[in-house]
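Visitor: Residue numbers (the numbering used here), protein chains in the order written: chain A, 5 to 525; chain B, -12 to 400; chain C, 576 to 733.
The following block contains the structure, expressed as structure tokens.
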Amino acid sequence: MPKLTIDDQEIEVPAGTTIIQAAMHAGIDIPHYCYHEDLPIDGNCRMCLVEVEKMPKLPPSCATVVTDGMVVKTRTDKVKEAVRGVLEFLLINHPVDCPVCDQAGECRLQDYYMVYGLHTSEIPLEMKVRKHKAVDLGPMVVLDSERCVLCSRCIRFFDHVTHTGEMQFFGRGDHVEIGTFENRPLDNPYSGNVVDVCPVGALTSRDFRFKCRVWFLLSTDSVCGGCSTGCNVRIDHRDGTIFRLLPRRNVDINKSWMCDEGRLTYHKLTSGERLRLPAARGRDGMQAPMKWSDAISLVDTTLRDIASRHGQNSILGFASPSATNEALFLFKLYLGDRIGTSNFEFRLASEDKDATAEEDQVLRHLDKHPNSIGAAGLGLASDSLGGIDGAIVAASEGRIEAAVIIYLKPLVERPADRDLEAKVAKLVESLEFSVVLTSHKAEWLAKANVVLPVTQWSEEEGTYTNFQGTEQAAGAAISPGGEILPIWQVMARLLKTSGDERVFSSQADIAAVRKTASAES
Amino acid sequence: MNKVLLANVDQPDQTNIDKYRERGGYQGLQKALAMEQTAVIDEVKASGLRGRGGAGFPTGMKWGFVPRNTGKATYLLCNADESEPGTFKDRLLLERDPHMLIEGMAIACYALDCHLSYIYIRGEYEFVAYTVQKALDEAYAAKILGPSLMGKDYPLDIFIHLGQGAYICGEETSLIESLEGYRGYPRLKPPFPAVSGFLASPTVVNNVETLCAVPWIVKNGAAAYSAMGTEKSKGTKLFSISGHVSKPGTYEVELGYPLMDLINNEAGGVTGGKLKAVIPGGSSVPVLTAAECEGVTLDYEALLKAGSMLGSGGVIVFNDTVKMPEVLSVIADFYAHESCGQCTPCREGTGWAAKILRNLVAGKGKVPDIDLLYKIADMMEGKTICPLADADVMPIRSFVTKFRSEFESFCAS
Amino acid sequence: MIQFNEEAMRRYQTIISHYPEKRAAVLPVLTLAQREFGWISPEVADYVGNLMGYPPSDMLSVATFYTMLHKKPAGKYHMEICRNVSCWLMGTYACVDEIKRRLKIEPGGITPDGKFSFALTECLGSCGTAPAMQVGDRYFENLTPQKIGEIIEKLSNE
């Protein structure tokens, strides 16, 4: 393990580490554009130049491997002078678009200028190189090649991550522009990632365009709810509205990437009308709103009654593979321990979709639910029923009288999955007594006996277990307010009403009980 | 002086293989094939031959850097991308004595254990490439190349690869990148081509003139070669001389030959006025004033000491009718046009400097622009992936420093 | 629908046989394509990409790096006159003016009949015989405005 002294700090690093990586470990920021941890090294921006003892010129720290005994300085006058020079060169032809550029506030030209630049431009406007602006590269990406610093991150992304090579350099010298073939729109399910990797406002998100200044946004760490991959994401929001989703780096799962569909899942959250109040069907067959306390009592009482008359297993717990582990744990606790059924299901897919089946070689999986593995792990799959189809048959044959159903619309749609909601509706129809916990209004809900308004992805704190079996925490970014409750809280209330003495008032409470439960099993 | 390179260049049939052999051609190769491969490298090392493309790196040493028995193929690439302004010596060799190059390449390939070699010829020299291809065809027909190397069980193929107009492809890593089928972007070093070059394999890139000297060296011995030239600049070199001289052309002289003798004797003297300035080694080297040319000899060390460089040996002579800022503007336009655009300082700096100079020469510049040129030069120098930026810096600094008053006079008053 | 004819296909096969990896043949193949189709249009880049198995954007990207590969239609005779130091010293721009005068086009332009186009280019390696210009695979050296006239005349009649 070579030892290196960087800015008077002595550290040891694994063989093969570059200076810039070593610096990151030591908590030292070396300015850079073209370097990216998940892309091949290019060494073209020349911002990361450092002083290394015994080297006559300033080497690029991104491309220089640490050797034992190396002495590096990143903040000398010589280095600062060099970096300032590179910045000045980048800025001579860069348009001062800040007032209309979405990158403002998270732009590396702005940020480094404030640290290393603070110089006045010495080039007259007429001399500036002009390039294409506001080029439409499809539904996800807008290109402004005049802002581009030609770091080639976008090119390397399409070459080495998706292996499709859409973006390239065209031309030579200071007239080089990035672009696609004839600037045709990008047709790539991962195109949004180039907006993330672009350190300036050359590639910006069409979805996010002009919607909000980034300094107004709050960020919440979460996990994508689009499929079983479980890409780590960051939800950027303001005053209860989500503005964009960005990937968070996770070396083992999604590196620095996420798919376009995942990025756009937050739009699904606001499509359709929200269910706002608990409601129950009266004797006239019409649903009327009721207070939560009444609804909880009604559910618990009715379920007990049915259980006593038809047997505990006449009750089915139909969970959602999009609900959190905490919600599902309490769901099982209530229906399994308190009501006493051993009939659980969650599988919606027409074929048994393996949560680990890949949809492509990059990131996506076929299972468009984030927590199938979690649901299975909690024992919510029934051998005898074999999924929703079996559940519908059992219900219509009277073997199942009642069910508590959690239904959350998948955030990513596939044509084959379109009839799944209809199946849930069919299940509801086939039951004597149905309780549906869901987020959005739907016509078929009128057939349910009790509907309970609950939170959806991004509104409920909890964990999801991805295709690798890794449990990951998702934060709650926004709150729908009103009478809408997180699923885990609804379950906690049912547990309490049913006489359970444990207190579930927080995620920590649930975690503690889960831990004990798994230790016992 | 022994003519190493231009001995037969005036013979119109020198391109014919039989005539080439009659005049002693392919004897160097024959001798080499009877030696150990590493012995050939030692011979070239001992000769003191240095790269004639511009860098002047000891050729034998470069060959010695190539690791042997790696299991990977080794490649020898001939750099015939001659594009340095003022330089036209390789063209002469390719057009008039292509077999000499082929022989030199064959010897080099044998020494390096290389079996597949390419001549990267600039696309503009397509008509020259026809001649070289014809010579290659003759060599194959004579079984000098092909499955056996002049009868020895050593297959060797040499192919021509034409560039398509990019000065930067004369830089060795850019040449390799271009040969691999990409935009000619120079590569980061390390790794060095000797270890990882063409197709990630050990590669040596040598200039045409360098390789052409090899047959003579092997045939006549390293001692005979190193008997010519100076202590550190051995042998002979071709100098292309152009501009305000009465006999422009390419001349072979021993290294250490006085610059003024080349101008006044071989090139017949300055025309159209008095001598004002000389670029001694292609546009990438600092310019010398007439006064600075006095007593300067044409070798690597002397020119370095005089504040310039031997470079490619492209000598351009200016008389006193010339306005130096205009010359610099032409040169700056060249580098701006040829910058590959890969790294920031060169891409932006060459463009900016060219624009400032165009402005200045059109009478729209101001005196602070002159100091701005120095600043741009400082910001570019030593910070780039390849030396093209430095090649722009040398002329900018030397022209502006040595002819400052002319620059000032162009400025709008 | 553009594609290589039989002869060009044979040349293509010969070219790729010279290299241990197909990618190395890209530049010679693009050169062949320009020979066949006149210039590297997006259509041509698309064809070469499909033929060789590389994205068309990649092929166009490579083509736009090299000065000799045309990004727009060029004349039957594409005159490239050197604007670099020695040629400039010896009178390039007088020749350039003559070209402009006779053909009535600016550098980068093309005559209406598509016969001539011209551009300023960098050092052609003819510094000792300056000014010089290249037309296709021919060099014309020691130029004067008068010689320019003669050359244009000659080429017009070819």
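By construction, the Cβ of each residue, glycine as well, lies at the ideal position given by its N, Cα and C atoms.
Only a predicted model underlies this, so the values are computations on that prediction, with no experimental measurement involved.
On the DSSP letters alone, give me the boundaries of the beta strand (DSSP E) that ASN197 (chain A) sits inside.
Guide: Here the question's residue 197 (chain A) lines up with position 193 in the first sequence. Counted as a single uninterrupted DSSP element, the stretch harbouring ASN197 (chain A) is not any beta strand (DSSP E) but the alpha helix (DSSP H) occupying residues 197 to 201.
Visitor: Would SER232 (chain A) and ILE410 (chain A) be called neighbours here (beta carbons separated by less than 8 angstroms)?
Guide: If you number the first sequence from 1, residue 232 (chain A) lands on position 228. If you number the first sequence from 1, residue 410 (chain A) lands on position 406. The answer is no: Cβ separation not under 8 angstroms.
Visitor: Taking 8 angstroms as the threshold (beta carbon to beta carbon), is GLY110 (chain B) in contact with chain C?
Guide: Along the second sequence, read from residue 1 onward, the residue named residue 110 (chain B) stands at position 123. Residue-level contact check: GLY110 (chain B) touches chain C, since one or more beta carbons of chain C fall below 8 angstroms from its beta carbon.
Visitor: Does any C-beta atom of chain B lie closer than 8 angstroms to the C-beta of THR589 (chain C)?
Guide: Numbered from 1 along the third sequence, position 14 holds the residue referred to as residue 589 (chain C). False, the Cβ-Cβ gap to chain B never drops below 8 angstroms.
Visitor: Have a look at LEU(-8) (chain B) and GLY236 (chain B) and give me their C-alpha separation to the nearest angstrom.
Guide: The count along the second sequence starts at 1 and reaches residue -8 (chain B) at position 5. The count along the second sequence starts at 1 and reaches residue 236 (chain B) at position 249. Answer to the nearest angstrom: the Cα atoms are 15 angstroms apart.
Visitor: Sort out for me which residues DSSP pairs GLU673 (chain C) with in a bridge.
Guide: Taking the third sequence and counting its residues from 1, one reaches residue 673 (chain C) at position 98. Bridge partners of GLU673 (chain C): none, in fact.
Visitor: Span of the beta strand (DSSP E) holding MET74 (chain A)?
Guide: The sequence position of residue 74 (chain A) within the first sequence is 70, counting from 1. 74 to 77 is the span of the beta strand (DSSP E), which, as asked, contains MET74 (chain A).
Visitor: Ends of the alpha helix (DSSP H) at CYS657 (chain C)?
Guide: Residue mapping note: residue 657 (chain C) aligns to position 82 of the third sequence, counting from 1. No alpha helix (DSSP H) contains CYS657 (chain C), which is instead part of the beta strand (DSSP E) from 652 to 657.
Visitor: Buried or exposed, going by whether 16 or more other CB atoms sit within 10 Å of the CB of ASP688 (chain C)?
Guide: Locating residue 688 (chain C) in the third sequence gives position 113, counting from the first residue. ASP688 (chain C) should be labelled exposed.
Visitor: Threshold first: 3 residues or longer. Then list the beta strand (DSSP E) segments lying entirely within the region 203 to 233 of chain B, N to C.
Guide: 223 to 230
Visitor: Note down, in chain order, every chain B residue with its Cβ under 9 angstroms from the Cβ of PHE350 (chain A).
Guide: Within the first sequence, residue 350 (chain A) is the residue found at index 346, counting from 1. For a Cβ distance threshold of 9 angstroms, nothing in chain B lies close to PHE350 (chain A): the least Cβ distance comes to about 51 angstroms.
Visitor: Using C-beta distances below 8 angstroms, list every residue in its chain close to VAL660 (chain C), excluding the 5 sequence neighbours before and after it, in chain order.
Guide: Counting from 1 along the third sequence, the entry for residue 660 (chain C) is found at position 85. Answer for VAL660 (chain C): CYS698, CYS702, listed in chain order.
Visitor: From the beta carbon of LEU540 (chain A), is the nearest beta carbon of chain B less than 8 angstroms away?
Guide: Residue coverage of chain A in this structure runs from 5 to 525, which leaves residue 540 (chain A) outside it and unanswerable.
Visitor: Are the beta-carbon atoms belonging to ASN187 (chain A) and VAL145 (chain A) less than 8 angstroms from one another?
Guide: Reading the first sequence from its first residue, position 183 is the one you call residue 187 (chain A). Reading the first sequence from its first residue, position 141 is the one you call residue 145 (chain A). With contacts defined as CB atoms closer than 8 angstroms, ASN187 (chain A) and VAL145 (chain A) fail to qualify as a contacting pair.
Visitor: In whole angstroms, what is the alpha-carbon distance linking LEU242 (chain B) and ALA583 (chain C)?
Guide: What you label residue 242 (chain B) is simply residue 255 of the second sequence in a count that begins at 1. What you label residue 583 (chain C) is simply residue 8 of the third sequence in a count that begins at 1. Using only the alpha carbons, I get a separation of about 48 angstroms.
Visitor: To test your reading of the DSSP string, which unbroken beta strand (DSSP E) runs of 3 or more residues are found completely within the region 125 to 183 of chain B?
Guide: 144 to 149
Visitor: Sort A:GLY321, A:GLU475, A:SER326 by Cα distance to GLY340 (chain A) and report the nearest one.
Guide: The residue labelled residue 340 (chain A) in the question sits at position 336 within the first sequence. Residue A:GLY321 is the option with its Cα nearest to GLY340 (chain A).
Visitor: Tell whether a beta-carbon distance below 8 angstroms holds between GLU71 (chain B) and GLY41 (chain B).
Guide: The count along the second sequence starts at 1 and reaches residue 71 (chain B) at position 84. The count along the second sequence starts at 1 and reaches residue 41 (chain B) at position 54. Yes, these two residues count as a Cβ contact at 8 angstroms.
Visitor: Give the residues of chain B in contact with LEU62 (chain A), contact being defined as C-beta atoms less than 9 angstroms apart.
Guide: If you number the first sequence from 1, residue 62 (chain A) lands on position 58. The contacting residues are GLY369, LYS370.
Visitor: Can you tell me whether ARG713 (chain C) is helix, strand or coil according to DSSP?
Guide: For the purposes of this step, residue 713 (chain C) is identified with residue 138 of the third sequence, where counting begins at 1. The answer is strand: DSSP assigns ARG713 (chain C) an E or B state.
Visitor: Would THR737 (chain C) be called buried (16 or more neighbouring beta carbons within 10 Å of its own) or exposed?
Guide: With chain C covering only 576 through 733, there is no way to say anything about residue 737 (chain C).
Visitor: Using the beta-carbon count (16 or more within 10 Å), is THR274 (chain A) buried or exposed?
Guide: Numbered from its first residue, the first sequence carries residue 274 (chain A) at position 270. So THR274 (chain A) ends up on the exposed side.
Visitor: Residues of the region 165 to 181 of chain A with a CB closer than 8 angstroms to any CB of chain C: list them in chain order, please.
Guide: Answer in chain order: THR168, GLY169, GLU170, MET171, GLN172, PHE173, PHE174, GLY175, ARG176.
Visitor: Throw me the rounded Cβ distance for the HIS241 (chain A) and ALA30 (chain A) pair, which I believe falls under 8 angstroms.
Guide: Along the first sequence, read from residue 1 onward, the residue named residue 241 (chain A) stands at position 237. Along the first sequence, read from residue 1 onward, the residue named residue 30 (chain A) stands at position 26. About 33 angstroms; that fails the 8 angstroms criterion.
Visitor: Quick one: residues in its chain with C-beta nearer than 7 angstroms to the C-beta of ILE94 (chain B), no 5 flanking neighbours on either side, listed in chain order?
Guide: In the second sequence, residue 94 (chain B) corresponds to position 107, counting from 1. Taking C-beta separations shorter than 7 angstroms and ignoring five residues to either side along the sequence, the partners of ILE94 (chain B) in its chain run GLY15, LEU16, ALA19, VAL27, VAL201, PRO202, VAL205, following chain order.
Visitor: Using the rule of at least 16 other Cβ atoms within 10 Å of the residue's Cβ for burial, across every protein chain shown, is LYS82 (chain A) buried or exposed?
Guide: Reading the first sequence from its first residue, position 78 is the one you call residue 82 (chain A). Its Cβ having fewer than 16 others within 10 Å, LYS82 (chain A) is exposed.
Visitor: Does SER462 (chain A) come out as helix, strand or coil in the three-state DSSP assignment?
Guide: Locating residue 462 (chain A) in the first sequence gives position 458, where the first residue counts as 1. Note: SER462 (chain A) maps to coil in three-state DSSP.
Visitor: Can at least three beta-carbon pairs, one atom from the region 360 to 375 of chain B and one from the region 86 to 94 of chain A, be found at a separation below 8 angstroms?
Guide: yes
Visitor: Scan the region 180 to 205 of chain A for residues whose Cβ lies nearer than 7 angstroms to a Cβ of chain C and list them as they occur along the chain.
Guide: For the region 180 to 205 of chain A, which is checked against every Cβ of chain C, the residues closer than 7 angstroms are THR184, PHE185, GLU186.
Visitor: Given a threshold of 16 other Cβ atoms within 10 Å of its Cβ, counted over all protein chains shown, does THR388 (chain B) qualify as buried or as exposed?
Guide: Sequence index remark: in the second sequence, residue 388 (chain B) carries index 401 (1-based). The residue is exposed, with fewer than 16 neighbouring Cβ atoms inside 10 Å.
Visitor: Less than 8 angstroms between the CB atoms is what I'm expecting for CYS155 (chain A) and CYS235 (chain A), so what's the real figure, rounded?
Guide: For the purposes of this step, residue 155 (chain A) is identified with residue 151 of the first sequence, where counting begins at 1. For the purposes of this step, residue 235 (chain A) is identified with residue 231 of the first sequence, where counting begins at 1. Not a contact, Cβ separation roughly 24 angstroms.
Visitor: Between ARG334 (chain B) and chain C, is there a C-beta pair that is closer than 8 angstroms?
Guide: The sequence position of residue 334 (chain B) within the second sequence is 347, counting from 1. Taking Cβ atoms only, chain C never reaches closer than 8 angstroms to ARG334 (chain B), which makes this a no.
Visitor: If you count every other CB in all the chains shown that lies within 10 Å of the CB of ILE577 (chain C), and 16 or more means buried, which is it?
Guide: Residue numbering aside, residue 577 (chain C) sits at position 2 when the third sequence is read from its first letter. Note on ILE577 (chain C): under 16 other CB atoms within 10 angstroms of its CB, so exposed under the neighbour-count rule.
Visitor: Answer with buried or exposed for VAL104 (chain A), where buried requires no fewer than 16 other C-beta atoms within 10 angstroms of its C-beta.
Guide: Numbered from 1 along the first sequence, position 100 holds the residue referred to as residue 104 (chain A). Its Cβ having fewer than 16 others within 10 Å, VAL104 (chain A) is exposed.
Visitor: Under the three-state reduction of DSSP, which class applies to PRO18 (chain A): helix, strand or coil?
Guide: Start at 1 with the first residue of the first sequence, and residue 18 (chain A) comes out as number 14. PRO18 (chain A): coil per DSSP, three-state reduction.
Visitor: Using the beta-carbon of each residue, which ones in chain B are nearer than 7 angstroms to TYR712 (chain C)?
Guide: Within the third sequence, residue 712 (chain C) is the residue found at index 137, counting from 1. Note that residue 712 (chain C) corresponds to Asp in the displayed sequence, not to Tyr. Residues of chain B with a Cβ closer than 7 angstroms to the Cβ of ASP712 (chain C) are, in chain order, GLU113, PHE114.
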